[in-house]
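Undergrad: Chains as they are written, first to last, in my numbering: chain A, 41 to 201; chain B, 2 to 406.
Sharing a structure with you now.
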């Protein structure tokens with residue numbers, strides 16, 4: 041058999057194969073962020089994905105089967121939900137017409153962080169804190185990013201409210 | 002001395018020596034996660050790890066001890082964790098062994114207190130000072146006898162005319178299964194008038210499990226705040242939960258802008274007519290207008306006073322422009338309406354004549370929220386490769402045809 045014809049055939053197979061890969065790449069939606077199985081303290085993550093399509097539906101749910109999803113129609117490749125996510129594990133996917141990304145999973149974990157500069161106590165975590173001190177009866181709740189003047193109060197304890 | 006007793010004794014010592022707060026010194030400490038929740042099982046033994054965060058990247062020691070009604074069931078290998086300024090965080094592991102029985106149903110707690118202490122005083126020697134502590138909670142849920150449901154309500158808000166979805170979660174905290182649970186949702190308007198009652202399907206919820214009912218409602222109502230009152234009937238018992246939610250977004254719409262009785266060189270009184278599309282009063286609504294000439298230079302900026310606008314009502318804002326020295330002609334104006342935490346913008350063409358000012362709303366300026374779709378990274382190099390290969394193949398094809406001839 042002519043060597044040139046064999047090379048021509050092989051080249052054709054390669055072109056068809058690459059066209060198939062290209063087509064698959066063009067129609068596939070890849071989830072980018074939050075990464076699969078990510079644990080984050082960010083309660084307003086910006087969801088990002090890669091896809092050629094122009095209109096996407098982003099679905100987010102705390103059930104693997106997406107029985108009660110929050111959805112957003114997005115003309116672009118990123119979206120942040122307007123309200124904060126609760127603490128917990130979430131599943132998300134992006135769809136466009138018949139094409140779907142598959143499901144990503146991530147966890148929003150609570151973080152209890154306080155800073156104290158002289159008498160000022162600030163909640164630098166991602167959940168409201170219940171703050172207790174010996175001279176305070178009961179406890180008070182300090183919202184995220186909120187601060188309060190607690191004077192020279194000793195033995196102050198902050199925990200997830 | 003048992004490990005638990007040693008922990009308690011150390012805690013007591015720390016409390017006693019905490020007499021002075023080092024004034025002026027910044028402190029910061031954190032942990033993640035803040036809470037670990039488990040269902041009670043007799044004799045359950047488990048290790049739990051959480052992370053102590055060195056938020057300020059400094060040298061310090063973290064002193065760890067347990068509190069709460071389950072503190073005696075908690076043990077740990079270490080009570081002092083040393084941090085260097087290079088440490089972002091360090092894991093801390095504790096173990097617990099639950100008793101065979103906890104009499105009271107509901108939540109029981111072990112609280113692992115993490116307290117910041119300076120590592121060393123200059124010139125040596127440990128200093129223990131009163132400071133701030135963060136707490137990791139171990140919550141142990143003991144089931145209630147019989148059937149006992151707790152409810153959680155999530156509202157996936159929608160726009161007007163679209164579906165608002167109510168997700169009612171039935172948390173079965175009892176030690177018996179719930180065979181039949183269903184939700185009835187009353188939706189109330191801004192003045193507490195009942196708008197509609199909707200019902201869910203029936204579900205069963207096993208003991209210690211969470212059942213979920215999704216109830217859609219097509220919100221054919223005005224944009225605004227509404228209230229959902231949820232009643233769940235489960236095997237002859239009742240639980241309730243309620244929540245306020247929004248339909249659509251707070252919006253004030255500019256209808257038109259007029260100027261009456263104007264003479265060039267005098268004061269132009271701009272009437273900005275608008276409508277509150279929200280079902281509640283919006284306070285402190287005001288407008289700003291910036292006029293610019295054809296070459297883009299701003300020539301004037303004016304501001305109206307603030308007013309409150311009743312729900313679903315129209316209102317007028319007044320802003321005044323002193324046109325002394327202003328030439329007859331066409332000016333661009335940017336009108337910015339401020340309401341709540343929001344703003345809306347419109348561009349106006351303003352035609353200034355000798356005895357009149359006419360305005361024309363050009364359109365709404367909008368912000369781009371996200372970029373258009375882009376192909377995957379593989380497409381970047383695949384496309385040129387395929388194009389090159391196609392050209393090579395075509396060349397080959399013509400080569401063969403030429404050879405045949």
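Cβ coordinates follow ideal geometry from the N, Cα and C atoms, glycine included.
These figures come from a predicted structure and were not determined experimentally.
Rounded to a whole number of angstroms, what is the C-alpha to C-alpha distance between residue 367 of chain B and residue 53 of chain B?
TA: Position 366 of the second chain holds residue 367 of chain B. Position 52 of the second chain holds residue 53 of chain B. Note that residue 367 of chain B scores 30 on pLDDT, short of 50, meaning its location in the model is unreliable; the coordinates nonetheless yield the value given after this. Spanning the two alpha carbons is a distance of roughly 44 Å.
Undergrad: So what does residue 132 of chain A bridge to, in DSSP terms?
TA: Within the first chain, residue 132 of chain A is the residue found at index 92, counting from 1. In DSSP, residue 132 of chain A forms a bridge with A/100, A/144.
Undergrad: Helix, strand or coil: how does DSSP classify residue 279 of chain B here?
TA: Your numbering for residue 279 of chain B matches position 278 in the second chain. Coil, per DSSP.
Undergrad: Taking any Cβ of chain A, which residues in the region 306-324 of chain B have a Cβ under 9 Å from it, in chain order?
TA: Residues are counted here when their Cβ sits less than 9 Å from a Cβ of chain A; for the region 306-324 of chain B the count is zero.
Undergrad: Whole angstroms is fine: what's the gap from residue 103 of chain A's alpha carbon to residue 79 of chain B's?
TA: Stepping through the first chain from its first residue, residue 103 of chain A is reached at position 63. Stepping through the second chain from its first residue, residue 79 of chain B is reached at position 78. For residue 103 of chain A and residue 79 of chain B, the gap between their C-alpha atoms comes out near 38 Å.
Undergrad: Might you give, ordered along the chain, the residues of its own chain that have their beta carbon closer than 8 Å to the beta carbon of residue 46 of chain A, omitting 5 neighbours on each side?
TA: Residue numbering aside, residue 46 of chain A sits at position 6 when the first chain is read from its first letter. None.
Undergrad: Report the three-state DSSP secondary structure of residue 52 of chain A (helix, strand or coil).
TA: To locate residue 52 of chain A, count along the first chain from 1; it is residue 12. Helix at residue 52 of chain A.
Undergrad: Going residue by residue through the region 76-128 of chain B, where are the continuous beta strand (DSSP E) segments of at least 3 residues, counting only ones entirely within it?
TA: 81-84, 90-98, 107-118
Undergrad: Does the beta carbon of residue 34 of chain B sit closer than 8 Å to a beta carbon anywhere in chain A?
TA: Taking the first residue of the second chain as 1, we reach residue 34 of chain B at position 33. Taking 8 Å as the CB threshold, residue 34 of chain B lines the interface with chain A.
Undergrad: Does residue 200 of chain A get closer than 8 Å to chain B when you measure Cβ to Cβ?
TA: To locate residue 200 of chain A, count along the first chain from 1; it is residue 160. Judged by the 8 Å Cβ criterion, residue 200 of chain A is in contact with chain B.
Undergrad: Using C-beta distances below 7 Å, list every residue in its chain close to residue 159 of chain A, excluding the 5 sequence neighbours before and after it, in chain order.
TA: Taking the first residue of the first chain as 1, we reach residue 159 of chain A at position 119. Only 189, 190, 191, 192 meet the Cβ criterion.
Undergrad: By Cβ distance below 8 Å, which residues in the same chain neighbour residue 239 of chain B in space, the five residues on each side in sequence not counted?
TA: On the second chain, residue 239 of chain B is found 238 positions in, with the first residue counted as 1. The beta carbon of residue 239 of chain B sits closer than 8 Å to those of 232, 233, all from its chain and outside the five residues before and after it, given in chain order.
Undergrad: Just checking: is the beta-carbon of residue 165 of chain A within a distance shorter than 8 Å of some beta-carbon in chain B?
TA: As a first step, residue 165 of chain A is located in the first chain; it is residue number 125 there, counting from the start. Interface residue, yes.
Undergrad: In whole angstroms, what separates the C-alpha of residue 96 of chain A from that of residue 88 of chain A?
TA: Locating residue 96 of chain A in the first chain gives position 56, counting from the first residue. Locating residue 88 of chain A in the first chain gives position 48, counting from the first residue. Computed Cα separation, rounded: 11 Å.
Undergrad: Can you look up residue 320 of chain B in the DSSP assignment and give me helix, strand or coil?
TA: Locating residue 320 of chain B in the second chain gives position 319, counting from the first residue. Strand.
Undergrad: According to a CB-to-CB cut-off of less than 8 Å, which residues of the region 134-165 of chain B neighbour chain A?
TA: Within the region 134-165 of chain B, those residues whose Cβ lies closer than 8 Å to any Cβ of chain A are, in chain order, 134, 135, 136, 137, 138, 155, 157.
Undergrad: Are there three or more Cβ pairs, one per stretch, closer than 8 Å when the region 292-303 of chain B is compared with the region 312-322 of chain B?
TA: Three or more pairs of CB atoms, one per stretch, sit closer than 8 Å, so the region 292-303 of chain B contacts the region 312-322 of chain B.
Undergrad: Go through its chain and collect everything with a Cβ distance to residue 257 of chain B's Cβ below 6 Å, but skip five positions before and after it.
TA: Indexing the second chain from 1 puts residue 257 of chain B at position 256. 274.
Undergrad: Does the separation of the CB atoms of residue 135 of chain B and residue 115 of chain B fall below 8 Å?
TA: Position 134 of the second chain holds residue 135 of chain B. Position 114 of the second chain holds residue 115 of chain B. Closer than 8 Å, so yes.
Undergrad: Does the structure place the region 199-210 of chain B close enough to the region 156-163 of chain B that three or more beta carbon pairs sit under 8 Å?
TA: no
Undergrad: Can a CB atom of chain B be found closer than 8 Å to the CB of residue 197 of chain A?
TA: For the purposes of this step, residue 197 of chain A is taken as residue 157 along the first chain, with counting starting at 1. At least one chain B Cβ lies under 8 Å of residue 197 of chain A.
Undergrad: Just verifying my parser: in three-state terms, what is the DSSP assignment at residue 287 of chain B?
TA: In the second chain, counting from the first residue as 1, residue 287 of chain B sits at position 286. Note: residue 287 of chain B maps to strand in three-state DSSP.
Undergrad: Determine the closest residue to residue 216 of chain B out of B/357, B/185, B/292, with distance taken between C-alpha atoms.
TA: Mapped onto the second chain, residue 216 of chain B falls at position 215. In terms of CA proximity to residue 216 of chain B, B/185 leads the group B/357, B/185, B/292.
Undergrad: Three or more beta-carbon pairs under 8 Å between the region 143-154 of chain A and the region 71-88 of chain A, yes or no?
TA: The region 143-154 of chain A, when compared against the region 71-88 of chain A, does touch it at the 8 Å Cβ threshold.
Undergrad: Of all the residues that make up the region 147-181 of chain A, which are near chain B by a beta-carbon distance shorter than 8 Å?
TA: 149, 150, 151, 152, 153, 154, 155, 156, 157, 158, 161, 164, 165, 167
Undergrad: Residue 214 of chain B bridges to which residues according to DSSP?
TA: To locate residue 214 of chain B, count along the second chain from 1; it is residue 213. For residue 214 of chain B, which the question treats as bridged, DSSP gives the partners B/169.
Undergrad: On the premise that residue 51 of chain B lies in contact with residue 93 of chain B, defined as a C-beta separation below 8 Å, what is that separation, rounded to the nearest angstrom?
TA: Along the second chain, read from residue 1 onward, the residue named residue 93 of chain B stands at position 92. Along the second chain, read from residue 1 onward, the residue named residue 51 of chain B stands at position 50. The Cβ separation is near 6 Å, so the contact holds.
Undergrad: Under 6 Å Cβ to Cβ from residue 359 of chain B, same chain only, skipping five residues before and after it: list those, please.
TA: Start at 1 with the first residue of the second chain, and residue 359 of chain B comes out as number 358. Here the set comprises 352.
Undergrad: Return helix, strand or coil for residue 73 of chain B, following the three-state DSSP convention.
TA: To locate residue 73 of chain B, count along the second chain from 1; it is residue 72. It is helical.
Undergrad: Would you mind reading off the limits of the beta strand (DSSP E) that contains residue 334 of chain B?
TA: Against the second chain, residue 334 of chain B aligns to sequence position 333. 330-340 is the extent of the beta strand (DSSP E) around residue 334 of chain B.
Undergrad: Go ahead and pull the three-state DSSP assignment for residue 298 of chain B.
TA: Here residue 298 of chain B corresponds to residue number 297 of the second chain, with the count starting at 1. In the structure shown, residue 298 of chain B sits in coil (DSSP, three-state: anything other than H, G, I, E or B).
Undergrad: To which residues of the same chain is residue 25 of chain B closer than 6 Å at the C-beta, ignoring the five residues directly before and after it?
TA: On the second chain, position 24 is the one that residue 25 of chain B refers to. Low confidence applies here, because residue 25 of chain B scores a pLDDT of 46, under 50, leaving its location unreliable; read the following figure in that light. So no residue of the chain qualifies.
Undergrad: Is any beta-carbon of chain A found at less than 8 Å from that of residue 31 of chain B?
TA: Taking the second chain and counting its residues from 1, one reaches residue 31 of chain B at position 30. Yes, because at least one Cβ of chain A sits closer than 8 Å to the Cβ of residue 31 of chain B.
Undergrad: Of the residues that make up the region 81-107 of chain A, which ones have a beta carbon closer than 8 Å to any beta carbon in chain B?
TA: 81, 90, 91, 92, 93, 94, 96, 103, 107
Undergrad: Please return the same chain residues whose Cβ sits closer than 6 Å to the Cβ of residue 75 of chain B, not counting the five positions on each side in sequence.
TA: Position 74 of the second chain, counted from the first residue, corresponds to residue 75 of chain B. Correct list, in chain order: 67, 95, 97, 111.
Undergrad: Comparing C-alpha positions only, which one of B/117, B/28, B/316, B/357 sits nearest to residue 263 of chain B?
TA: Start at 1 with the first residue of the second chain, and residue 263 of chain B comes out as number 262. Comparing Cα positions, the closest option is B/357.
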